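>
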């Protein structure tokens with residue numbers, strides 16, 4: 001079922017041309033599931049990126065959580081020199097980003113710049129291989145997500161300075177399923193819910 005924020009290529013093109021979208025984020029998950037990639041103007045995206053993708057350094061899927069390159073990878077290392085990967089749009093995974101004005105997000109698959117072959121170490125490639133293996137065994141993979149998080153009254157900068165310790169929770173006690181207590185957080189929770 002499509003959501004109101006989902007995009008196909010024709011719709012994104014129209015939104016850019018009409019001035020409703022001025023930034024397109026081309027992103028892919030790193031090894032920790034965080035989205036990394038590049039932002040382009042909508043016009044540049046349509047003219048240069050939509051068909052050809054965008055190049056990104058292969059160290060992006062060979063880093064630790066602090067984004068420091070990690071030794072030991074065959075496909076990316078200081079020893080062989082870091083190269084580029086091509087991030088190509090997956091048009092089944094494109095959305096208007098409700099929390100950033102005039103912005104669209106397009107999830108990408110990674111390919112070798114020279115051969116065009118899929119980067120098998122990329123998280124999306126690994127997941128695709130696992131799904132294919134499960135299907136080959138007669139399984140039908142299914143998933144569902146449950147959004148759970150902790151909300152704090154601490155800024156990102158202060159949390160970092162405190163080494164993410166002793167953060168002040170937004171609520172005075174655990175509030176899951178508590179409709180009345182979570183009402184005070186509704187401006188944030190509502191924005192998240194409406195953006196899904």
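Residue numbers (this note's numbering): 1 to 196.
A virtual CB, placed ideally from N, CA and C, is assigned to each residue, including glycine.
Predicted model, so just to flag it, every value in this text is computed and none were measured.
1) Applying the criterion that 16 or more other CB atoms from any shown protein chain within 10 Å of the CB defines a buried residue, is residue 29 buried or exposed?
2) How is the beta strand (DSSP E) around residue 186 delimited, first residue to last?
3) Where do the N-terminal and C-terminal ends of the alpha helix (DSSP H) with residue 126 fall, by residue?
4) Determine the extent of the beta strand (DSSP E) in which residue 35 is found, giving its start and end residues.
5) Below 7 Å CB to CB, which residues in the same chain sit around residue 1 once its five sequence neighbours on both sides are set aside?
6) Using 8 Å as the threshold, is the C-beta distance between residue 27 and residue 15 below it?
7) Measure how close the beta-carbons of residue 104 and residue 95 come, nearest whole angstrom, since I'm counting them as under 8 Å.
8) Which one or two residues does DSSP pair with residue 24 in a beta bridge?
9) With the cut-off set at 8 Å, would you say residue 33 and residue 87 are in Cβ contact?
10) Would you kindly check if the distance between the Cβ of residue 114 and the Cβ of residue 61 is under 8 Å?
11) Between the Cα of residue 107 and those of 76, 39, 174, 170, spot the shortest distance and give me the residue it belongs to.
12) Which residues in the same chain have their Cβ closer than 7 Å to the Cβ of residue 167, if we skip the five residues on either side of it in sequence?
13) Mapping the DSSP letters down to three states, classify residue 11 as helix, strand or coil.
14) So, using beta-carbon positions, are residue 123 and residue 31 closer together than 8 Å?
15) With a CB to CB cut of under 6 Å and the five nearest residues on each side skipped, what residues in its chain are close to residue 100?
16) In the structure shown, what three-state DSSP assignment does residue 66 receive?
17) Quick one: what's got a C-beta closer than 8 Å to residue 84's C-beta in the same chain, skipping five residues either side?
18) Tell me whether residue 55 sits in a helix, a strand or coil according to DSSP, three-state version.
If we stick to the structure as given:
1) Here residue 29 corresponds to residue number 29 of the chain shown, with the count starting at 1. Buried, since its Cβ has 16 or more Cβ neighbours within 10 Å.
2) Against the chain shown, residue 186 aligns to sequence position 186. Looking at the DSSP string, residue 186 is not in any beta strand (DSSP E); the run it does join, the alpha helix (DSSP H), is 186 to 195.
3) For the purposes of this step, residue 126 is taken as residue 126 along the chain shown, with counting starting at 1. Per DSSP, the unbroken alpha helix (DSSP H) holding residue 126 starts and ends at 123 to 136.
4) The residue you call residue 35 lines up with position 35 of the chain shown. Start and end: 35 to 41.
5) Mapped onto the chain shown, residue 1 falls at position 1. Confidence in residue 1 is poor, its pLDDT being 44 and thus under 50, which makes the residue's placement unreliable; the coordinate value appears in the next sentence. If we look at residue 1 and ignore the five residues flanking it on each side, it has no Cβ neighbours.
6) Translated into positions along the chain shown, residue 27 becomes position 27. Translated into positions along the chain shown, residue 15 becomes position 15. With respect to the 8 Å criterion, residue 27 and residue 15 are not classified as neighbours on the basis of their beta carbons.
7) Walking along the chain shown from the start, residue 104 turns up at place 104. Walking along the chain shown from the start, residue 95 turns up at place 95. That pair is a contact at about 7 Å.
8) In the chain shown, counting from the first residue as 1, residue 24 sits at position 24. In the DSSP assignment, residue 24 forms a beta bridge with 40, 104.
9) The residue labelled residue 33 in the question sits at position 33 within the chain shown. The residue labelled residue 87 in the question sits at position 87 within the chain shown. The answer is no: Cβ separation not under 8 Å.
10) As a working note, residue 61 is residue 61 in the chain shown. As a working note, residue 114 is residue 114 in the chain shown. Going by C-beta atoms, residue 61 is not nearer than 8 Å to residue 114.
11) Position 107 of the chain shown, counting from 1, holds the residue named residue 107. Among 76, 39, 174, 170, the Cα nearest to that of residue 107 is on 39.
12) The sequence position of residue 167 within the chain shown is 167, counting from 1. For residue 167, where only same-chain residues beyond five positions count, the Cβ hits under 7 Å are 152, 154, 159.
13) The residue you call residue 11 lines up with position 11 of the chain shown. If DSSP states are grouped into helix, strand and coil, residue 11 belongs with the helices.
14) Here residue 123 corresponds to residue number 123 of the chain shown, with the count starting at 1. Here residue 31 corresponds to residue number 31 of the chain shown, with the count starting at 1. Taking 8 Å as the Cβ cut-off, residue 123 and residue 31 qualify as a contacting pair.
15) Here residue 100 is taken as the residue at index 100 of the chain shown, counted from 1. None.
16) In the chain shown, counting from the first residue as 1, residue 66 sits at position 66. Note: residue 66 maps to coil in three-state DSSP.
17) On the chain shown, residue 84 is found 84 positions in, with the first residue counted as 1. Taking C-beta separations shorter than 8 Å and ignoring five residues to either side along the sequence, the partners of residue 84 in its chain run 55, 56, 57, 58, 113, following chain order.
18) Indexing the chain shown from 1 puts residue 55 at position 55. DSSP places residue 55 within a strand segment (E or B) once states are collapsed to three.
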